[in-house]
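For the sequence shown, this note's numbering begins at 46 and goes up steadily by one. Glycine included, each C-beta is placed from N, C-alpha and C at the ideal position.
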Amino acid sequence: MRLYPAWRRSRSRWTRSCQCVSRGAAPSFDLSHEEFQRMGQRVLDSMWEAVRRGQEDPILPSARGHEIRELLDAPLPREGIAVDEVIESWVDTLLPLCRHNGHPRFFGYVVTSPDPVGIFADAMASAMNQGLTAWRSAPGATEVERVVLRWLDELVGFSGEGSGILTSGGSSANFHALALAVRKADVSAPRHRQAIYMSTEAHVSMKKAGRVLGVPDEQIRLVPVDASRRMRTELLLAWLHQDREAGLVPVAVCASAGGANTGAIDPLEQIADVCEAQDVWLHIDGAYGAPAAATTKYAWMRDSFARADSLSLDPHKWLFAPVDVGCLLLRDETLSRALFGWESEYTAITQTDPIERFAFFDHGLEMTRRFRGLKVWSILKARGADAIVETIRRDIELREALDDRIAREPSLEHLGSELSISCFRFRPSSDETEGEVDELNRHILETIVQEGSAYMSPTYLEGRYALRACIVNFRTTIEDIDFLLDEVLRIGGAG
């Protein structure tokens, strides 16, 4: 009896199909242990140069846009060069073209100095190459990220017991939160009748999310703020009533726990009262400010976090993780599974334990995701939450010291501050017009940035051009604060 007649019949066809495959050896990208170590040492040396020079070199590259493009533009390489040459180009070519966000006098935007532990953890995540789709695809990595979510929940007092997902950043986290709110309301209201609410100071990512999700622009309600740039709750409530009477369906209120402009924190407790009374989803954007809830000064935010349906926070901001890693914490993860869960043949999950049924792709937009949680897990384990919270507290104290110095300087005018952000401007004693004062402060900022010794970002407050300093850096000292203000006074006085 012939056991494999089908195989024998198909053998000639299989042989013919293999004849088209090259018999030469395929290129190998593997390295021996010695080669790997040698390359690794070159990479480590390059990383050290990036960290060292990132604290010593001018913060912003002097090259202009067309110069950078001309330097880097090249045709697709058809043949490779020595890896050593590629590594050298990181330091010799790319590093001088980087803005050094880890510099102790980088005060622009909300960009942190990355913890070296996180830098190495991120490299290890690349070596592990885990795609966090389902538990079976990345068992250990999935459990690490679930642990990280529980730790972050505990750190800020959200108390959703770790439901949520790690994202690329706050913009993605805010999008996911609003997608859940919109989907929950879809049962009773089509998109053209939905409305979402946020203050005029809200982060642009929430406005963009509303538009992408199909909420009409005119129904993305921007609630006016008070003198401290906090959402006016009485106007929010009035708008909710007015929209309901007009046949619209309020879907979500987006409150801020630390605006990117001045650090303003909306009246979270009052907004939570309104949302509970009106049965509206409450999302709190804490991408920047949520970790401050772990400090004594801002612990009052925790009670409001515990009443929110969702909370975003960015470990790559005030938890000192390298870019990119954001986080969305959820009160009820069954909602995310209802929106993002989708059964298909090629994603069917094999399990021997109920834990193995879990899949992050059932709770977010992405299928394959980078192992972002490893750097957060490693930083928290290596440093401990108390040390991180102490660093956050110190950043807040540095901002308060900056404000105190501004108050003592007759030529400086304080315009607003909260958390670790302070906005101010140089105010000459003569009779310049507001426009001339704006131009002078623009000149001050541009000069500081071009000289490369410090970096701030601009903003407008009540139509006035403002200098904005944000401190989310474990390297910044009081000497750096004094240096910044000395430079403002020097350039302003010379202007």
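Margin query: Going by beta-carbon coordinates alone, are Gly418 and His221 separated by less than 8 Å?
Written below: Within the sequence shown, numbered from 1, the residue matching residue 418 stands at position 373. Within the sequence shown, numbered from 1, the residue matching residue 221 stands at position 176. In this structure, His221 does not lie closer than 8 Å to Gly418 by Cβ.
Note to self: For Ala168, tell me which candidate among Asp476, Lys420, Val482 has the shortest Cα-Cα distance.
What the structure shows: Locating residue 168 in the sequence shown gives position 123, counting from the first residue. Ala168 has its Cα closest to that of Lys420, out of Asp476, Lys420, Val482.
Next item on the list: Determine, using beta carbons only, whether Ala332 and Asp288 come nearer to each other than 8 Å.
Entry: Position 287 of the sequence shown holds residue 332. Position 243 of the sequence shown holds residue 288. No, Cβ-Cβ distance for Ala332 and Asp288 is not below 8 Å.
Next item on the list: On a CA-only basis, which of Glu246, Thr504, Ile132 is nearest Met92? Give me that one, please.
Entry: As a position in the sequence shown, residue 92 is number 47, starting the count at 1. Of all alpha-carbon atoms in Glu246, Thr504, Ile132, the one lying nearest the alpha-carbon of Met92 is that of Ile132.
Item checked: Leu457: first and last residue of the uninterrupted alpha helix (DSSP H) it sits in -> Along the sequence shown, read from residue 1 onward, the residue named residue 457 stands at position 412. The continuous stretches of alpha helix (DSSP H) do not include Leu457, which lies in the beta strand (DSSP E) extending over residues 457 to 463.
Check: Based on Cα-Cα distance, which residue from Asp476, Thr413, His148, Gly334 lies nearest to Asn174?
Finding: Locating residue 174 in the sequence shown gives position 129, where the first residue counts as 1. Of the candidates Asp476, Thr413, His148, Gly334, the one whose C-alpha sits nearest the C-alpha of Asn174 is Thr413.
Item checked: CA-to-CA distance, Asn146 to Pro122, given in whole angstroms -> Here residue 122 is taken as the residue at index 77 of the sequence shown, counted from 1. Here residue 146 is taken as the residue at index 101 of the sequence shown, counted from 1. The straight-line gap separating the alpha-carbon atoms of Pro122 and Asn146 is approximately 31 Å.
Notebook entry, point to check: Would DSSP call Arg228 helix, strand or coil?
Noted result: As a first step, residue 228 is located in the sequence shown; it is residue number 183 there, counting from the start. Helix at Arg228.
Notebook entry, point to check: If you run the structure through DSSP and keep just helix, strand and coil, what is Thr278?
Noted result: By one-based count along the sequence shown, residue 278 stands at place 233. Thr278 falls in the helix class under three-state DSSP.
Check: What are the complete beta strand (DSSP E) segments, minimum 3 residues, inside the stretch 364 to 435?
Finding: Those beta strand (DSSP E) runs which fall completely within the stretch 364 to 435 and span 3+ residues are 371 to 375.
Check: By a C-beta neighbour count over all protein chains shown, 10 Å radius and 16 as the cutoff for buried, is Ile316 buried or exposed?
Finding: Position 271 of the sequence shown holds residue 316. Ile316 should be labelled buried.
Note to self: I need the straight-line Cα distance from Ala353 to Glu80, nearest angstrom please.
What the structure shows: For the purposes of this step, residue 353 is taken as residue 308 along the sequence shown, with counting starting at 1. For the purposes of this step, residue 80 is taken as residue 35 along the sequence shown, with counting starting at 1. Each residue's Cα considered, the two are about 52 Å apart.
Next item on the list: Could you pull the start and end residues of the beta strand (DSSP E) that Pro295 belongs to?
Entry: In the sequence shown, residue 295 corresponds to position 250, counting from 1. Boundaries of the beta strand (DSSP E) around Pro295: 294 to 301.
Margin query: I need the DSSP call for Ser57, collapsed to helix, strand or coil.
Written below: Indexing the sequence shown from 1 puts residue 57 at position 12. Reliability fails at Ser57, whose pLDDT of 42 lies under 50, so the model's placement of it is uncertain and the value that follows must be treated cautiously. Correct three-state label for Ser57: helix.
Checklist line | Spatial neighbours of Val268 in its chain, beta-carbon cut-off 8 Å, leaving aside the 5 residues before and after | finding: Locating residue 268 in the sequence shown gives position 223, where the first residue counts as 1. If the five residues before and after Val268 are omitted, its C-beta is found closer than 8 Å to the C-beta atoms of Tyr242, Met243, Ser244, Thr245, Met276, Arg277, Leu280, Leu281, Trp284, all from its own chain and listed in chain order.
Note to self: Could you pull the DSSP bridge partners for Leu267 from this structure?
What the structure shows: Locating residue 267 in the sequence shown gives position 222, where the first residue counts as 1. According to DSSP, Leu267 bridges with Met243.
Item checked: the stretch 190 to 208 / the stretch 288 to 300 touching (three or more Cβ pairs under 8 Å) -> No: the two stretches stay apart, fewer than three of their Cβ pairs being nearer than 8 Å.
Notebook entry, point to check: Is Cys515 helix, strand or coil when you go by DSSP?
Noted result: What you label residue 515 is simply residue 470 of the sequence shown in a count that begins at 1. Here DSSP, grouped into helix, strand and coil, assigns Cys515 to strand.
Note to self: By DSSP's criteria, Phe45 is part of a beta bridge. Which residues make up the other side?
What the structure shows: Look at the range of the chain in this structure, 46 to 540, and you will see that residue 45 is not part of it.
Note to self: On the DSSP letters alone, give me the boundaries of the beta strand (DSSP E) that Leu197 sits inside.
What the structure shows: If you number the sequence shown from 1, residue 197 lands on position 152. Not the beta strand (DSSP E): Leu197 falls in the alpha helix (DSSP H), residues 184 to 201.
Check: Pairing CB atoms from the stretch 144 to 161 with CB atoms from the stretch 88 to 104, are three or more of them under 8 Å?
Finding: The stretch 144 to 161 and the stretch 88 to 104 touch, with no fewer than 3 CB-CB distances between them shorter than 8 Å.
Item checked: His111 - containing alpha helix (DSSP H), residue span -> As a working note, residue 111 is residue 66 in the sequence shown. Taken as a continuous stretch (DSSP letters only), the alpha helix (DSSP H) holding His111 covers 110 to 117.
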